[in-house]
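Counted from 1, the sequence shown has number 1417 at position 70 by my numbering; the numbering is strictly sequential. All residues carry an ideal CB built from backbone N, CA and C; glycine is no exception. Just so you know, these numbers come straight off a predicted model, no measurement behind them. Step one of this worksheet: look at the structure below.
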Amino acid sequence: MATWVFATNNNHKLEEARSILPNRLGIVSLKDVSFLKEVDETSSTFAGNAELKARAVFEEVGKPCFADDSGLCVTALNLEPGVRSARYSSETGPVDHLQNNLKLLKNLKHTDDRSAYFITVICLIDSEGQTSFYEGRVFGEISREMKGVHGFGYDPLFIPQGYDQTFAELGEGVKNKLSHRSVALRKMLEDLE
Ligand code: IMP
């Protein structure tokens, strides 16, 4: 069986990928290959950061791998927080999802345009070191209050188009069908087959 390293420490992302990609791809995590370094996401683009993460793992582990970089882009905030989604509330401190959500609510307090999208760019590096990129987006709206307990990040605030509940209320089943990452993962799978 092939082994593909998904360059993430985020268990939600790992489970999402495993639910979409077939078992025969043998998806393993960074923990499984004992990759313990933190890769600095210094690029100003999603593709650049995804490549930084994938390249660091490929060079150290020598196995085909892929990494995603994702974020939330809000129309009324000039597509912020964008690549800064993880550290929206504090550039230097640890990632704090609650504070990020509260900052987003505050910044949109007087705004009627609640439209936003999540975006993922996946960088895949094959066994020969060749890179490919896959993008996925899911469009929706930012809720006026946090709701739900599932998922992570901005899930308690994001209501996907066609629904009236947040990702955190809808849960994994629905999210894995609609999410930005699932769209990008399906494009990657199509390419691999
Ligand atoms: P990452 O760099 O790809 O891990 O994503 C950066 C940040 O974007 C995360 O820390 C979350 O705040 C946000 N984010 C990315 N994907 C999701 C998602 O599926 N749901 C909620 N928030 C997300």
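query: Residue range of the unbroken beta strand (DSSP E) whose run includes L1419; result: C1412 to V1421
query: Other residues of its chain near E1398: CB distance less than 6 Å, five sequence neighbours each side excluded; result: C1470
query: V1442: CB within 7 Å of a non-hydrogen atom of the ligand IMP; result: yes
query: DSSP beta-bridge partners of T1478; result: I1472
query: CB-CB length for V1530 against V1468, believed under 8 Å; result: Not really, about 11 Å apart at Cβ, beyond 8 Å.
query: Beta-carbon proximity check, V1408 vs V1430, cutoff 8 Å; result: no
query: Closest residue to M1535 among E1482, T1422, I1466 and A1401 (Cα-Cα distance); result: E1482
query: For E1398: DSSP bridge partner residues; result: E1398 pairs with nothing; no bridge assigned.
query: Residues near P1411 by beta carbon distance below 6 Å, same chain, minus five either side; result: W1351, D1473 and S1474
query: Run of the alpha helix (DSSP H) containing V1521, from where it starts to where it stops; result: E1519 to L1525
query: Helix, strand or coil at P1369 [DSSP, three-state]; result: coil
query: Selected residue, minimal CA-CA separation from Q1477, among F1405, N1454 and G1518; result: F1405
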